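Colleague: Residue numbers (full-length UniProt numbering): 1 to 404. Structure in structure tokens, see below.
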Ligand code: NIG
Ligand code: FE
């Protein structure tokens with residue numbers, strides 16, 4: 001039997017942000033068979049520590065591969081017309097109540113085949129990868145029938161086979177009320193609980209279940225029923241909450257042990273406290289805040305005070321955040337929400353990994369998967385400071401190096 005030599009890769013002299021902190025001196029980093037195997041301050045490093053390793057790079061800034069923990073990447077069509085309407089003063093809610101918004105993307109997505117959806121989604125996925133993403137969460141939510149929601153989830157799984165990226169999937173059957181159930185929202189929630197969730201779980205198409213808790217979405221009582229159904233099937237839960245108003249969805253989700261509550265602009269102190277107690281991550285989505293020209297800021301100081309982990313994501317979707325540039329979200333998290341660059345970067349690495357239930361990702365420590373980015377910049381804060389594509393020098397996924 002032939003044993004293959006261990007594949008050892010070494011980066012020398014990198015400025016390292018490891019997901020927790022920025023090291024004050026240049027570092028040497030070793031990966032072995034896809035796993036981070038060693039970290040040393042450069043001046044302590046001697047080659048015997050990494051015998052036989054191939055030098056994969058020298059210099060630059062190394063961060064964990066970025067984790068985009070909230071996206072609606074798969075959809076058909078676009079909503080540029082709605083963007084123009086909003087510029088003329090019509091609100092997102094008004095458009096939704098008139099049957100546009102999410103429902104207009106639902107119409108287009110129902111009419112699209114799996115192949116169509118792969119074709120329209122791949123360029124968006126590629127844009128994320130080109131800006132450093134190695135893990136991405138993708139939600140369904142533009143099908144709103146059992147068959148169309150499962151179709152979206154299958155497409156999400158297939159995207160992960162077509163590109164070197166880790167994809168986690170979230171069933172968002174309760175994203176909007178489909179027209180067939182316009183007068184029977186509880187009937188639709190029954191369908192989500194009794195058919196969509198069990199089928200998605202049993203076909204292993206969903207890792208988590210999400211809900212849109214809002215006046216134009218679902219009530220807290222309906223969300224609660226969906227959480228119970230998800231938990232029964234062993235799925236993690238997440239919530240879109242406190243985006244346009246405060247319905248107490250985040251606190252409710254926290255009581256059910258949610259991985260994350262996302263948006264949270266209207267979150268109050270009691271909600272923050274409930275999230276802190278449950279270890280629920282606050283996922284901040286500055287792209288949607290910017291596009292909807294929101295003015296109510298998420299309660300960043302309260303989140304900090306209570307030690308709630310803050311993640312940052314693109315929320316890539318055709319309505320509120322047609323954005324596939326994660327480093328722009330780092331910038332907006334700082335300029336709009338006043339996160340520090342380091343908080344923003346932790347928000348798109350280790351806290352984002354926590355928000356999708358993968359705490360082994362999003363940091364660079366021995367034993368973690370070697371998902372890494374090497375950037376052509378001088379210090380990690382530059383990722384948030386400048387809005388500029390093309391700074392990624394190498395993207396490493398499970399130890400496999402892609403020179404960009
Ligand atoms: O995260 N708020 C609900 N869902 C998405 C928007 C989806 C859409 O408008 O298509 C969000 O903002
Ligand atoms: Fe969203």
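Just so it is clear, CB atoms sit at the ideal spot from N, CA and C, and this is done for glycine as well. Quick caveat: nothing in here was measured; it's all calculated off a predicted structure.
Just the Cα atoms here: how many angstroms apart are residue 49 and residue 29?
Modeller: 11 angstroms
Colleague: Please say whether residue 63 and residue 349 have beta carbons closer to each other than 8 angstroms?
Modeller: The criterion of a C-beta distance shorter than 8 angstroms is satisfied by residue 349 and residue 63.
Colleague: If we require 3 or more residues per run, which beta strand (DSSP E) segments fall completely within the region 9-48?
Modeller: 27-32 and 35-41
Colleague: Out of curiosity, what's the CA-to-CA distance linking residue 3 and residue 369?
Modeller: With a pLDDT of 47 at residue 3, under the threshold of 50, the modelled position of this residue cannot be trusted, and the question is left open.
Colleague: Return yes when the C-beta of residue 288 is under 7 angstroms from any heavy atom of the ligand NIG, and no when it is not.
Modeller: yes
Colleague: Thinking C-alpha only, which one of 189, 313 and 166 is nearest residue 327?
Modeller: 313
Colleague: Hey, how far is the Cα of residue 307 from the Cα of residue 276?
Modeller: 6 angstroms
Colleague: Can you tell me whether residue 331 is buried or exposed? The criterion is at least 16 other CB atoms within 10 Å of its CB, across all chains shown.
Modeller: Within 10 angstroms of the beta-carbon of residue 331 lie 16 or more other beta-carbons, which makes it buried.
Colleague: Among all the DSSP beta bridges, which residues are the ones paired with residue 317?
Modeller: In the DSSP assignment, residue 317 forms a beta bridge with 321.
Colleague: Give the residues whose C-beta lies closer than 6 angstroms to at least one heavy atom of the ligand NIG, in chain order.
Modeller: 72, 101, 102, 105, 212, 240, 243, 288, 315, 317, 318, 319 and 320
Colleague: How long is the line joining the alpha carbons of residue 217 and residue 345, rounded to whole angstroms?
Modeller: 31 angstroms
Colleague: Count the other C-beta atoms from every protein chain shown that fall within 10 angstroms of the C-beta of residue 87, then say buried if there are 16 or more, exposed otherwise.
Modeller: Exposed: under 16 other Cβ atoms inside 10 Å.
Colleague: Bridge partners for residue 245 per DSSP, in chain order?
Modeller: Its beta-bridge partners do not exist; DSSP assigns none.
Colleague: For residue 260, which beta-bridge partners are listed by DSSP?
Modeller: 238 and 281
Colleague: Whole-angstrom Cβ separation of residue 448 and residue 212, contact assumed at under 8 angstroms?
Modeller: The structure shown has nothing for residue 448, since the chain only spans 1 to 404.
Colleague: Does the distance between the C-beta of residue 262 and the nearest non-hydrogen atom of the ligand FE fall short of 7 angstroms?
Modeller: yes
Colleague: Tell me which same chain residues have a C-beta within less than 7 angstroms of the C-beta of residue 188, skipping the five on either side of it?
Modeller: Shown here for residue 188: same chain residues with a beta carbon closer than 7 angstroms to its own, the five before and five after excluded, namely 177, 178 and 181 in chain order.
Colleague: In whole angstroms, give me the CA-to-CA distance for residue 66 and residue 192.
Modeller: Taking the straight line joining both Cα atoms gives about 31 angstroms.
Colleague: Exposed or buried, what is residue 52 when buried is set at 16 or more other beta-carbons lying within 10 Å of its beta-carbon?
Modeller: exposed
Colleague: Can you tell me whether residue 5 is buried or exposed, with buried defined as 16 or more other CB within 10 angstroms of its CB?
Modeller: Below a pLDDT of 50, predicted positions are generally treated as unreliable, and residue 5, at 48, falls in that range; the measurement from the model is reported next regardless. It counts as exposed.
Colleague: Rounded to whole angstroms, what's the CA-CA distance from residue 242 to residue 366? Just pull it up for me.
Modeller: Distance between the alpha carbons of residue 242 and residue 366: 38 angstroms.
Colleague: If I follow the unbroken alpha helix (DSSP H) through residue 378, where does it start and stop?
Modeller: From DSSP, residue 378 is part of no alpha helix (DSSP H); its letter is neither H nor E.
Colleague: Roughly how many angstroms separate the alpha carbons of residue 19 and residue 103, rounded to a whole number?
Modeller: 38 angstroms
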